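> Residues in the sequence shown are numbered from 94 upward in steps of one, following my numbering. Beta carbons: idealized from backbone N, C-alpha and C, even for Gly. Since the model is a prediction, treat every value here as computed from it, not as a measurement. Pasting a structure here, questions to come.
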Amino acid sequence: MTQKQTRTQLAACSSQLEGSAELQATAKRSYVMRKAYMDHAATTPVDPAVLKAMLPYFSVAFANPSSLHSAGQEALAGVKQARKKIAEILNGHEDEVVFTSGGTESDNLAICGIVNSVTQPPLLRGATPKGVGGSIPHVITTEIEHHAVLEPLNHLEKTGKIELTKIKSGPDGVVNVKDVLDAIKSNTILVSVIHANNEIGTIQPVEEIGKGILKWRKANSSIYPYLHTDACQSAGYLDINVEKLHVDLLTLNGGKVYGPKGIGLLFVRRGTKIQPVLRGGGQEKGLRSGTENVPGIVGLAKALELTHAHKQDETARLEFLRDRLIQGLLRISKTRLNGHAEKRLPNNVNISFMDIEGEAAMLYLDAKGVQCSTGSACASSSLDPSHVILALGMSYEAAHGSLRFTLGKSTTKADVDYVIKIMPGIVERLRKMSPVSLDMKHF
Ligand SMILES: *Cc1c(COP(=O)(O)O)cnc(C)c1O
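Quick look at the structure:
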């Protein structure tokens, strides 16, 4: 097949999809079933335009982008175009974008890749990095990170590979810039601070931390510490310009920005000393081996392009709905908003309802067509209360009674008003059932 023929097929495949009765029927079915999906922080639906951009890469331009024949080059062109688009959005370079399987892998690559680059001597070529000295490397993070950051760091600490400092957040769920900067030592190689928290939506001062780190590096003529941020939750709403944020590493994924799941990326600033975690065919400049997820990469780029274009409008629209929902739910007695009221994502509402089990409330809401979550999605299979809500200084009971509603593109004012209307009844019912009066000291 010539390249021209392939392109014609690409176009045909896309336009066929547009009129697909099957797809429309599926969309309609899911719309009818769902009254109000308010769990966008867990994942978002794939935008139809994203799906459309992806489809040709499954069956028409399906070849391996590493193949030198024309079909391979067609797939490679899709990857290259996606990389270029994403680099523009991040205000970085194309060679700084490393595609991965998602947010978890990107976080692990950032952490293990940087730690390994100083603990595995061959790659240092004899040069001990200034600022690392003779001691084991030190890493700074916060108590309110996603598990994909906390767990690899905990493991490295437990196995004696790193020394770890976890900065506490304030009771408002925001970390203090000075606390982070004051923790930097001569052997600190990495600081990892989430851009916006996935449970309570609080926005962290990454830009200011970045500025402080640059100053520290200059004063100590060191290339360390590097700054990593996990921007999975913020990408749809906040500026993810890597120059403005002064980050060396930045994590993104598709499933939180109306793109596909199972695709993500790590921005790695030029010159950063980092080692791969996955070794093999040497894709992604050797930093992440494995055949590229071409449809996923194309979809991620399209998704980021769309969220980037609609960021301002969508932020304003959702902030209005968020505040309406917060005000409505706080009218219920013995409730409290978790996390700073303003320094929070436009789509996040996290409320503790005293004397109720969050899980039970979530199930009642689900039966009434509202999908939300308790704690984080990853933790909800266990009964451990959320580490983020506990980090705010809340009691176990308050953490157990917390619900997270995360709004998104499909959310309307009517949805919000519906939740405000049904929630008091659910809370009242559950409180009547509650056999014990629980700890009230935080209310
Ligand atoms: C969802 C999420 C992750 C994990 O991403 P996956 O693509 O599911 O691996 C990591 N960090 C944050 C902040 C997230 O919200």
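Is it buried or exposed for L161, if we count other Cβ within 10 angstroms and need 16 for buried?
exposed
> Under the criterion of a Cβ to heavy atom distance below 7 angstroms, does D323 qualify as lining ligand 1?
Yes, the Cβ of D323 comes within 7 angstroms of a heavy atom of ligand 1.
> Report yes or no: do the segment 510 to 521 and the segment 127 to 146 share at least 3 C-beta pairs separated by less than 8 angstroms?
yes
> Tell me which residues share the same chain as R394 and place their Cβ nearer than 7 angstroms to its Cβ, disregarding the 5 neighbours each side in the sequence.
According to the sequence shown, residue 394 is Ala rather than Arg. A175, K178, I179.
> Going by C-alpha to C-alpha distance, which of I282, W309, I255 sits closest to D275?
W309
> Is L418 closer than 8 angstroms to V442 when the C-beta atoms are compared?
yes
> Starting from the C-beta of E250, find all residues in its chain whose C-beta is less than 6 angstroms away, skip the five residues before and the five after it, and write them out in chain order.
L257
> Counting pairs of Cβ atoms below 8 angstroms between the segment 199 to 216 and the segment 354 to 371, do you hit three or more?
A contact exists between the segment 199 to 216 and the segment 354 to 371.
> Between G375 and the rest of its own chain, which residues show a CB-CB distance below 7 angstroms, the 5 nearest in sequence each way excluded?
S382
> Below 8 angstroms, can you find three or more Cβ-Cβ pairs linking the segment 276 to 291 to the segment 234 to 250?
yes
> Is DSSP giving Y319 helix, strand or coil here?
strand
> Around the C-beta of Y489, are 16 or more other C-beta atoms found within 10 angstroms, so that it is buried, or is it exposed?
exposed
> Is N247 near ligand 1, judged by its Cβ being under 7 angstroms from some heavy atom?
In this structure, N247 has its CB at a distance of at least 7 angstroms from all heavy atoms of ligand 1.
> Return the residue from the list E377, T212, T400, I515 that minimises the CA-CA distance to A142.
T400
> Using only alpha-carbon positions, find the residue among H339, G196, Y317, L345 that is nearest to Y330.
Distance from the Cα of Y330 is smallest, within the candidate group H339, G196, Y317, L345, for L345.
> Kindly examine ligand 1 and report whether one of its heavy atoms sits closer than 7 angstroms to the Cβ of N201.
No, the beta carbon of N201 sits no closer than 7 angstroms to any heavy atom of ligand 1.
> Could you tell me which uninterrupted beta strand (DSSP E) segments, each at least 3 residues in length, are contained entirely in the segment 359 to 416, listed from first to last along the chain?
Listed in chain order, there is nothing to give.
> Since R497 is in the alpha helix (DSSP H), which residue starts that stretch and which ends it?
No alpha helix (DSSP H) holds R497; the beta strand (DSSP E) holding it covers 495 to 499.
> For the segment 479 to 487 against the segment 411 to 428, are there 3 or more C-beta pairs whose distance is under 8 angstroms?
no
> With the cut-off set at 8 angstroms, would you say R437 and C465 are in Cβ contact?
no
> Report buried or exposed for K145, applying the criterion of at least 16 other Cβ atoms within 10 angstroms of its Cβ.
Answer is buried; the Cβ neighbour count reaches 16.
> So, with DSSP's three-state summary, where would you put D200?
helix
> I'd like to confirm the pairing. Which residues does DSSP put opposite T235 in its beta bridges?
I260
> Give, in chain order, every unbroken run of the beta strand (DSSP E) that is at least 3 residues long and sits entirely within the segment 420 to 459.
Runs of the beta strand (DSSP E) inside the segment 420 to 459: 428 to 430, 441 to 446.
> Quick check on the DSSP output: what are the complete beta strand (DSSP E) runs of length 3 or more inside the segment 299 to 353, in order along the chain?
319 to 323, 342 to 346
> For H231, which option in V268, K259, I296 has the closest C-alpha, if you only look at C-alpha atoms?
K259
> Residues in the same chain with beta-carbon distance under 8 angstroms from S327, minus the five sequence neighbours each way, listed in chain order, please.
Counting only Cβ-Cβ distances below 8 angstroms, and skipping sequence neighbours, we find H288, A289, I296, I333, L438.
> Mind checking whether the beta-carbon of T499 lies closer than 7 angstroms to any heavy atom of ligand 1?
no
> What are the residues that DSSP puts in a beta bridge with G357?
T193, N346
> Find the nearest neighbour of S495 within the set A312, G462, D265, E292, judged by alpha-carbon distance.
Of the listed residues, the one whose Cα sits closest to S495 is E292.
> I want to check one thing, is the minimum distance from the CB of I287 to the heavy atoms of ligand 1 below 7 angstroms?
yes
> Let me know the secondary structure DSSP gives P222 once reduced to three states.
Residue placement at P222 is poorly supported in this model, since its pLDDT is 46, which falls under 50; the coordinates are not used for a value here.
> How close, in whole Å, do the beta carbons of S194 and I356 come, if the pair is a contact with beta carbons under 8 angstroms?
7 angstroms
> Would you check whether ligand 1 has a heavy atom nearer than 7 angstroms to the C-beta of Q326?
yes
> What span of residues does the alpha helix (DSSP H) with V520 cover, start to end?
Where V520 is concerned, the enclosing alpha helix (DSSP H) stretches over 506 to 526.
> With a cut-off of 8 angstroms on the beta carbons, I'd call S228 and K366 a contact; round off their distance for me.
With a Cβ gap of about 18 angstroms, S228 and K366 do not count as contacting.
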